[in-house]
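> Counted from 1, the sequence shown has number 601 at position 194 by full-length UniProt numbering; the numbering is strictly sequential.
Note that beta-carbon positions come from the ideal geometry of N, C-alpha and C, so glycine has one too.
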Amino acid sequence: ENIAALLKIAIDQDLVSMVYQPICNVASGRIDAVEALMRLKMLDGTAVPPSLFIPIAERTGVILELGRWAIRTVCREILAVDRVPVVSVNVSPIQLKSPGFAASVAAILGETGVAGARLALEITEGLEMEMHSDVLRCISDLKTLGVRIWLDDFGTGFAGLSWLRLIDFDTVKIDRSFLHDCDTPRGKAMLRDIIGLVRNRGHKILVEGVETEDQMGLMRQFRIDQVQGFHVGRPKLAENLRLKAAAGA
Ligand code: G
Ligand code: G
Ligand code: MN
Ligand code: NA
408 ENIAALLKIA IDQDLVSMVY QPICNVASGR IDAVEALMRL KMLDGTAVPP
458 SLFIPIAERT GVILELGRWA IRTVCREILA VDRVPVVSVN VSPIQLKSPG
508 FAASVAAILG ETGVAGARLA LEITEGLEME MHSDVLRCIS DLKTLGVRIW
558 LDDFGTGFAG LSWLRLIDFD TVKIDRSFLH DCDTPRGKAM LRDIIGLVRN
608 RGHKILVEGV ETEDQMGLMR QFRIDQVQGF HVGRPKLAEN LRLKAAAGA
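#1: Using the Cα positions of Leu471 and Asp439, report the straight-line distance between them to the nearest angstrom.
#2: By alpha-carbon positions, which one of Thr480, Arg606, Phe637 and Pro500 ends up nearest to Leu586?
#3: Any idea if Ala487 is buried or exposed, counting beta-carbon neighbours within 10 angstroms, 16 or more meaning buried?
#4: Thinking C-alpha only, which one of Val496, Ile631 and Ala524 is nearest Lys611?
#5: May I ask which residues mark the beginning and end of the beta strand (DSSP E) holding Arg555?
#6: If you compare alpha carbons, which of Ser540, Gly474, Ile530 and Ile501 is closest to residue 388?
#7: I'd like the list of long-range same chain contacts for Ala652, defined as Cβ closer than 7 Å, with 5 residues on each side in sequence excluded.
#8: What I want to know is whether the C-beta of Leu444 ends up closer than 7 Å to one or more non-hydrogen atoms of ligand 1.
#9: Would you identify the three-state DSSP class for Ala434, choosing helix, strand or coil?
#10: For the beta strand (DSSP E) holding Thr578, just list the boundary residues, first then last.
#11: Relative to the alpha-carbon of Glu529, which residue among Val579, Ala510, Thr551 and Val521 has its alpha-carbon at the smallest distance?
#12: Classify Met425: buried if its beta carbon has 16 or more other beta carbons within 10 angstroms, exposed otherwise.
#13: CA-CA distance, Ala454 and Lys448?
#14: In whole angstroms, give me the CA-to-CA distance for Arg608 and Pro492.
#15: Quick check on DSSP: helix, strand or coil for Ala645?
#16: Might you give, ordered along the chain, the residues of its own chain that have their beta carbon closer than 8 Å to the beta carbon of residue 694, omitting 5 neighbours on each side?
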């Protein structure tokens, strides 16, 4: 398969890169985190979307190497040189199940001199993952390093509620589909109930996909902790982030 072969050479050939989407603290209006998103291009420069290459990377196991590369790159190009407090990186269940994942994160933090608390790992509830004792153990080892654990895409799958019972997530990211109809009484009530459920369990709340000033107003009204979306900013290369100024340096 074409993409599978491409993934094997992607790191060596500089075909993968990371872009960073700003996350805004609603109360202060400042960018206090960014989400790292992986990009892959073919040899002719055409972009391959993550929805296509991530499942192939998972199936072929290349995700383990790509995942370590992603965390190392984020530590080197953002955390070691910029003032952005926290960077979140998406991780696949395959990584969490693989022996030695927490140790590899510890090694990268040590090698780059980055504090664990500046790294967040996003776990998607959309993907099914048996609550494997290995995964729970891995998450607890990561938390011991200070690494934050975020639940991504909350509300899109069936697993979210059981995950909330089992894992003490620092932050829960409410999926952007909940913003689609938040201008109707029914949609707004739904969003309010989900926020209540998450907040009452002590997790911080990040709402994804905020695209308009009206939606931003609703986020202030609901006292959401953080927002992410095109209204705040689109994903950018590290050199275009300019967070030093945003952080008041
Ligand atoms: O910008 P966007 O199309 O990049 O991202 C789509 C989805 O791809 C994200 O929501 C995320 O779930 C997945 N994704 C992006 N980057 C990574 C990555 O570095 N690792 C993993 N496992 N998934 C990623
Ligand atoms: O699944 P994951 O949450 O990790 O996804 C991030 C994805 O969401 C990326 O593909 C990113 O480009 C996309 N995204 C981020 N903000 C917005 C937004 O405001 N609107 C839409 N439609 N997509 C967004
Ligand atoms: Mn994510
Ligand atoms: Na998401």
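Put simply:
#1: Looking up residue 471 in the sequence shown gives position 64. Looking up residue 439 in the sequence shown gives position 32. In a straight line, the C-alpha of Leu471 is about 28 Å away from that of Asp439.
#2: Against the sequence shown, residue 586 aligns to sequence position 179. Out of Thr480, Arg606, Phe637 and Pro500, Phe637 has the C-alpha closest to the C-alpha of Leu586.
#3: As a first step, residue 487 is located in the sequence shown; it is residue number 80 there, counting from the start. Per the 10 Å Cβ criterion, exposed.
#4: As a working mapping, residue 611 is identified with position 204 in the sequence shown. The residue with the shortest Cα to Cα distance from Lys611 is Ile631.
#5: Walking along the sequence shown from the start, residue 555 turns up at place 148. Run containing Arg555: Arg555 to Phe561, per the beta strand (DSSP E) assignment.
#6: Nothing can be reported for residue 388, as the shown portion of the chain is limited to 408 through 656.
#7: The residue you call residue 652 lines up with position 245 of the sequence shown. No answer about Ala652 holds up, because its pLDDT of 42 lies below 50 and its placement is not dependable.
#8: As a working note, residue 444 is residue 37 in the sequence shown. Checking the Cβ of Leu444 against ligand 1 gives yes.
#9: Here residue 434 corresponds to residue number 27 of the sequence shown, with the count starting at 1. Coil at Ala434, not helix or strand.
#10: Here the question's residue 578 lines up with position 171 in the sequence shown. Residues Thr578 to Ile581.
#11: For the purposes of this step, residue 529 is taken as the residue at position 122 of the sequence shown. Relative to the Cα of Glu529, the nearest Cα in the group Val579, Ala510, Thr551 and Val521 belongs to Val579.
#12: Translated into the one-based positions of the sequence shown, residue 425 becomes position 18. Met425 comes out buried.
#13: Along the sequence shown, one-based indexing puts residue 454 at 47. Along the sequence shown, one-based indexing puts residue 448 at 41. Cα-Cα distance, rounded: 4 Å.
#14: One-based indexing of the sequence shown puts residue 608 at position 201. One-based indexing of the sequence shown puts residue 492 at position 85. Their Cα atoms are separated by approximately 24 Å.
#15: Against the sequence shown, residue 645 aligns to sequence position 238. Looking at Ala645 - three-state DSSP - the assignment turns out to be helix.
#16: Since the displayed the chain opens at 408 and closes at 656, residue 694 lies outside it and no answer follows.
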